[in-house]
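Taken in order, the sequence shown gives residues 420 to 663; the numbers are from the working numbering. Each residue gets a CB set at the ideal place from its N, CA and C atoms; glycine is no exception. Treat the numbers as computed from the prediction; the structure is a model and nothing was measured. Remarks on the structure that follows.
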Amino acid sequence: MKFYNKKKIAEWDSKSVSEFWDFVSKQEDKYFTNQVGNVVIKFSENFFDKNSTILDYGSGPGFLTKQLLDKNFKVAALDFSHESIKILNNKLNYYENFIGAYDISQVDLLREKFDLIFVVEVVEHLNDDFLDELLNNVYNLLSENGKVIITTPNNERLEDSYIYCPFSDVIFHRWQHVRSWNKDSLNIKLNEKGFNNNILIETHFFNKPKWSGLNRKTIANFLEYLKMVIEKKKPHLVAIAQKN
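This is how it looks when you write it as structure tokens:
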């Protein structure tokens, strides 16, 4: 049991995680891949080819999945939220290159081996058991010499996003993050799970703001973007790891 400012930090289990993301799945503007999925794909293009079969692991309601389908990749999706899976299969089933969306409990139904697996903003949400399960699944689902691309907040201070719930008298992270990663800790974990040739990159995935006239909002957006570009500590961490 962990505490912060003398208040208990909530312990997430599979039920509470599923219920949390079933709720968040209805708030599309909150999703990282809805905001910057296009930037993640562009950043990653040098690490896979146009004929790759791809799995979006932790897909949410499928923003990255759809963007990859639109680029004519053969894509499957896997997620922890039953609600997201229903949304995905209804929304994307008209794509001929869509393999399908699966609940995490259905991982054994995936018969494909994937050249590339995206795990975007997922590993910060997982306790030890779920993390080991994810990395084992990724390893088993990759084709020989296949790659996984993992993104996560870079060296996040979890307490900066803690919220106190007065109804249950507990502290929780507003986005259900339970751990913080840096280049060393993520590389060590990937090595433990049999991945090698790991590349770890600190970066930012923010879209360059659009110019909408000389006004306070536009100037503020450009200043914030410039800060992220030149800031020594980049907010996002990317790992590209290979199975062989």
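Measuring straight from C-alpha to C-alpha, what distance separates E464 and F624? Position 45 of the sequence shown, counted from the start, is the residue given in the question as residue 464. Position 205 of the sequence shown, counted from the start, is the residue given in the question as residue 624. E464 and F624 have their C-alpha atoms roughly 14 angstroms apart.
Consult DSSP for N424 and reduce its assignment to one of helix, strand or coil. Here residue 424 refers to the residue found at position 5 when the sequence shown is read from its first residue. N424 falls in the coil class under three-state DSSP.
Could you give the distance in angstroms between the alpha-carbon of P480 and the alpha-carbon of K505? Taking the first residue of the sequence shown as 1, we reach residue 480 at position 61. Taking the first residue of the sequence shown as 1, we reach residue 505 at position 86. The C-alpha of K505 is placed about 9 angstroms away from the C-alpha of P480.
Evaluate N573 with the Cβ neighbour count: other Cβ atoms within 10 Å of its Cβ, from every protein chain shown; 16 or more gives buried, anything less gives exposed. Translated into positions along the sequence shown, residue 573 becomes position 154. Buried.
In angstroms, rounded to a whole number, what distance separates the CA positions of M420 and L483? As a position in the sequence shown, residue 420 is number 1, starting the count at 1. As a position in the sequence shown, residue 483 is number 64, starting the count at 1. Between M420 and L483, the C-alpha separation is close to 35 angstroms.
Run the CB neighbour count on I582, radius 10 Å, all protein chains shown included, and call it buried at 16 or more, exposed below. By one-based count along the sequence shown, residue 582 stands at place 163. By the neighbour-count rule (16 or more Cβ atoms within 10 Å), I582 is not buried but exposed.
Going by DSSP, what residues sit across from I473 in a beta bridge? Here residue 473 refers to the residue found at position 54 of the sequence shown. Answer is V494, L535, bridged to I473.
Could you tell me whether any non-hydrogen atom of the ligand ADP is closer than 6 angstroms to the CB of F482? For the ligand ADP, the structure offers nothing, since it holds no ligand at all.
Classify K566 as helix, strand or coil using the three-state DSSP reduction. Along the sequence shown, read from residue 1 onward, the residue named residue 566 stands at position 147. Correct three-state label for K566: strand.
Please state whether DSSP places K662 in a helix, a strand or coil. Within the sequence shown, the letter at position 243 stands for residue 662. In this structure, K662 counts as strand in the three-state DSSP scheme.
Alpha carbon to alpha carbon, what distance is there between D489 and K427? Within the sequence shown, numbered from 1, the residue matching residue 427 stands at position 8. Within the sequence shown, numbered from 1, the residue matching residue 489 stands at position 70. One Cα belongs to K427, the other to D489, and the distance between them is close to 45 angstroms.
Taking a contact to mean a Cβ-Cβ separation below 7 angstroms, would you say Y558 touches G477 in this structure? Indexing the sequence shown from 1 puts residue 558 at position 139. Indexing the sequence shown from 1 puts residue 477 at position 58. In this structure, the beta-carbon distance from Y558 to G477 does not fall below 7 angstroms.
What are the boundary residues of the beta strand (DSSP E) that N615 is part of? Indexing the sequence shown from 1 puts residue 615 at position 196. If you look at N615, you'll find it in the beta strand (DSSP E) that goes 614-622.
Span of the beta strand (DSSP E), counted from its first residue to its last, around D522: Residue mapping note: residue 522 aligns to position 103 of the sequence shown, counting from 1. The continuous beta strand (DSSP E) containing D522 extends over residues 517-522.
For N508, name the three-state secondary structure that DSSP assigns. Walking along the sequence shown from the start, residue 508 turns up at place 89. Three-state result, N508: helix.
For the alpha helix (DSSP H) containing V557, name the first residue and the last one. To locate residue 557, count along the sequence shown from 1; it is residue 138. Annotation for V557: the continuous alpha helix (DSSP H) segment containing it runs 547-560.
Can you give the Cα-Cα distance for N601 and L656, rounded to whole angstroms? As a working mapping, residue 601 is identified with position 182 in the sequence shown. As a working mapping, residue 656 is identified with position 237 in the sequence shown. Cα to Cα, N601 sits roughly 7 angstroms from L656.
Run the CB neighbour count on I618, radius 10 Å, all protein chains shown included, and call it buried at 16 or more, exposed below. Residue numbering aside, residue 618 sits at position 199 when the sequence shown is read from its first letter. Burial call: exposed.
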